[in-house]
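Comments concern the structure below.
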Amino acid sequence: MHLLSSSFIVLLFLLLSSSSLLRTVSGLDAVLGQYGETLEIPCNNGVVKADDVLLIKWKYDKGEGLSGDLLVKQKDQNLSIIATDEYMGRVNMASNASLLLSSSTLRDQRTFTCMVVAGADIAEYPVNVLISKTPAALEISDKAEELEIGKVMKLGTCVAKDANPAANITWLKNNKPLESDSKRVSVVVSEQVDPLSGLFTTSSTLKYSAEKEDADAEFSCTSESVGQRSSAVTFTITYSTENIVLEVLSQDPLVEGDNVTLKCIADGNPPPTSFTFHLKGETVKVENTDTFTIINVSRETSGEYRCSLIDKPELQASENVLVHYLDVTLNPSGNVVKKAGEDMNVSLLIEASGETVVSWTKDKIKLDKEPEFTTLTFSHSGLYESKVTMGQLSRDASFQLRVQGAPVITQLSKQRGEDGQHKVLTCEAEGFPEPAVSWSINGSSPEEQSSFIDGKISHRLTVVPSVNLTVFCTVVNEFGSDSKSIIVSSLFVVEVRMDKQDQSEDRGQMKMAVGVVVGLLLATMVVALIYGIYVKKSKQGSWKTGEENCSSEEEKKLEEKVEESSEKAEV
0 MHLLSSSFIV LLFLLLSSSS LLRTVSGLDA VLGQYGETLE IPCNNGVVKA
50 DDVLLIKWKY DKGEGLSGDL LVKQKDQNLS IIATDEYMGR VNMASNASLL
100 LSSSTLRDQR TFTCMVVAGA DIAEYPVNVL ISKTPAALEI SDKAEELEIG
150 KVMKLGTCVA KDANPAANIT WLKNNKPLES DSKRVSVVVS EQVDPLSGLF
200 TTSSTLKYSA EKEDADAEFS CTSESVGQRS SAVTFTITYS TENIVLEVLS
250 QDPLVEGDNV TLKCIADGNP PPTSFTFHLK GETVKVENTD TFTIINVSRE
300 TSGEYRCSLI DKPELQASEN VLVHYLDVTL NPSGNVVKKA GEDMNVSLLI
350 EASGETVVSW TKDKIKLDKE PEFTTLTFSH SGLYESKVTM GQLSRDASFQ
400 LRVQGAPVIT QLSKQRGEDG QHKVLTCEAE GFPEPAVSWS INGSSPEEQS
450 SFIDGKISHR LTVVPSVNLT VFCTVVNEFG SDSKSIIVSS LFVVEVRMDK
500 QDQSEDRGQM KMAVGVVVGL LLATMVVALI YGIYVKKSKQ GSWKTGEENC
550 SSEEEKKLEE KVEESSEKAE V
């Protein structure tokens, strides 16, 4: 390792100062640094290594042809910092011979030169330094409290502080750029330079003529050069009322007894709060509200209603109010008592605000039409209900009809019991109030069953007659009575006669069998004989074997014959 003497260094500086030996590299490199940060300025693009050359020196252009020295590094010696002015304590050198400049400011925007001595070659590498600074966050100041439609007003000022170079500001509405058109949009830009830092402050003022559609518009500003955008702001847009609407707020349907609220809506901003409501034969002014309520409406409330602005009465809105009503009057109603044979008129009067539908039921069974009673009978008794509907409204009315009168026996019948050991007599009658039923039986012990529904009574009597009887059924109520009789034969007599008839039938069958055998011999006589026996058998009746019962029709005929014989015997 060889150290350079002081005399050699002096000689070297003299040589470097000689223009005949110095070679300046053509072209000027540029480096962009950030304000306040450490800037690295490369020497010959960073390809120089301090240990490979005899000497490296950094200097800067002070202007007016003067230069200032910053530091020197000789081969095999320590770095020597010789800066004595504003760069004292701010410079250093990296291993690749780059100059390190801390806390960069706008004053550092100048040319820095790296001088390299390598053998007999002396070269300089000048580098131009530029310093940039991003502005502080964009802000919109001096914002307007509100914007009036059709009037150019100052919306606000967007400020970009302490920037280099000066920020270029663009205004946005709903993220779309606004451009000055000297009619609705006007932008005025101004710049200021800080005398100490040299940084720029840019102000952009937007003047804007608003429209109704701008009520929810978002305004912001941006500086695309530095990639910043302000927070979006909105403004209250004021405009006078051009249209009003009257709303009717009520239940649906609106019926008598309800409340209805009238609401006047104006499209101005801010909306008006004072209105005049024009009622039927009355004018009402309201303050600090846009509604008026009518309490307990009636059908007379129906009609046209209007509202208007107090300060602009010619601007009006109207709406019809319809109070629905449904009145039903049924005559007769409640409990109705009539006598059989009379007539009765039914009238259903309907007063309604619209078309109605009427339906009738009797005892919950639907009727095809309104009931008519020209001649009342006991069958007309029952609960009659009418239902009148009009849209969602409905009304019910009813009457309970009772037809009174003396009872009338409609049927008196008899029937053999299923076991064949008794007979069931049935007496059916109509009447109201419920008639009392009595039977006349000579010395029997009957079991009685009775039912009374809608003016109809059915009374059953179970008997076991040992002799032929004439039985009377009598029905009685406060309006009169009725009686009918029926002949009931003894079960014993019927059984004896049935036995005799069975024996006769057996003999007829035997004769028919003999006839068939004879018929095999004489074909012609057989046919005639069979036909004669068949005719004879038909006249006698069709019977089964002794243990089987005869048909109901044959039994009834036989029983009537027996009863006739008995009556003759009694005479």
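Under numbering that gives the first Met the number 0, the first residue of the sequence shown carries the number 0, and numbering increases by one thereafter.
We put the CB at the ideal spot given by N, CA and C, even for glycine.
Since we're looking at a predicted model, the values are computed, not measured.
Open item on the list: Mapping the DSSP letters down to three states, classify Asn44 as helix, strand or coil.
Closed with: Reduced to three states, the DSSP call for Asn44 is helix.
Task: Element boundaries [beta strand (DSSP E), containing Tyr383] - done: Its beta strand (DSSP E) spans residues 381-389.
Task: Neighbour-count burial assignment, Gly64, 16 or more Cβ in a 10 Å radius - done: Around the C-beta of Gly64, fewer than 16 other C-beta atoms lie within 10 Å, and the residue is accordingly described as exposed.
TODO: Work out the CA separation of Met87 and Ile130 for me, nearest whole Å.
DONE: It is roughly 19 Å from the alpha-carbon of Ile130 to the alpha-carbon of Met87.
Task: Simplified DSSP assignment, three categories, for Phe471 - done: Phe471 carries a strand assignment under DSSP once its states are collapsed to helix, strand and coil.
Open item on the list: Looking at the secondary structure, which residues open and close the beta strand (DSSP E) in which Thr409 lies?
Closed with: That run of the beta strand (DSSP E) goes 392-415.
Task: Simplified DSSP assignment, three categories, for Lys153 - done: Reduced to three states, the DSSP call for Lys153 is strand.
- [ ] Give me the Cα-Cα distance between Ala122 and Asn95, rounded to the nearest whole angstrom.
- [x] About 16 Å.
Task: Closest by C-alpha distance to Gly454, when choosing among Thr469, Phe431, Thr461, Glu255 - done: Closest by alpha carbon: Phe431.
Open item on the list: Assess contact between the stretch 52-62 and the stretch 135-143, defined as three or more Cβ pairs (one per stretch) separated by less than 8 Å. Is contact present?
Closed with: In short, these stretches do not touch, since the Cβ pair count stays below three.
Task: Cβ pair Tyr304, His277 closer than 8 Å - done: Taking C-beta atoms as the reference points, Tyr304 and His277 count as a pair closer than 8 Å.
- [ ] With distances taken Cα to Cα, identify the nearest neighbour of Thr328 among Gly280, Glu371, Ala396.
- [x] Ranking Gly280, Glu371, Ala396 by Cα distance to Thr328 puts Ala396 first.
TODO: Give the secondary structure of Lys211 by DSSP, where H, G and I count as helix, E and B as strand, and everything else as coil.
DONE: Here Lys211 sits in helix by DSSP.
TODO: Give me whichever residues DSSP pairs with Lys365 in a beta bridge.
DONE: Partner(s): Thr360.
Task: Run of the beta strand (DSSP E) containing Asp68, from where it starts to where it stops - done: Counting along the chain, the beta strand (DSSP E) containing Asp68 begins and ends at 65-73.
- [ ] Grab the span of the beta strand (DSSP E) containing Arg106 for me, first residue to last.
- [x] That residue, Arg106, is in no beta strand (DSSP E); it is neither H nor E in DSSP.
Open item on the list: Helix, strand or coil, according to DSSP, for Thr221 in the structure here?
Closed with: If DSSP states are grouped into helix, strand and coil, Thr221 belongs with the strands.
Open item on the list: Using only CA atoms, which one of Ser439, Asp84, Lys48 lies nearest to Lys74?
Closed with: Its Cα nearest to that of Lys74, the residue Lys48 stands out among Ser439, Asp84, Lys48.
TODO: Say whether the stretch 172-183 touches the stretch 261-280, bearing in mind that this needs 3 or more beta-carbon pairs closer than 8 Å, one atom from each stretch.
DONE: With the cut-off at 8 Å, the stretch 172-183 and the stretch 261-280 do not touch.
- [ ] List the DSSP bridge partners of Val327.
- [x] Beta-bridge pairing links Val327 to Ile349.
- [ ] Starting from Gln76, follow the beta strand (DSSP E) in both directions and report where the run begins and ends.
- [x] Premise fails: Gln76 is in no beta strand (DSSP E) and is neither H nor E.
TODO: With DSSP collapsed to three states, give me the class of Ser439.
DONE: The three-state reading of DSSP puts Ser439 in strand, counting E and B together.
Open item on the list: Closer than 8 Å is the cut-off here; do at least three beta carbon pairs connect the stretch 413-428 with the stretch 379-394?
Closed with: Touching, no.
TODO: With DSSP collapsed to three states, give me the class of Phe478.
DONE: In the structure shown, Phe478 sits in coil (DSSP, three-state: anything other than H, G, I, E or B).
TODO: Just grab the DSSP bridge partners of Ala29 for me.
DONE: Ala29 is bridged to Asn127.
- [ ] Go ahead and label Pro269 buried or exposed: buried means 16 or more other beta carbons lie within 10 angstroms of its beta carbon, across all protein chains shown.
- [x] Per the 10 Å Cβ criterion, exposed.
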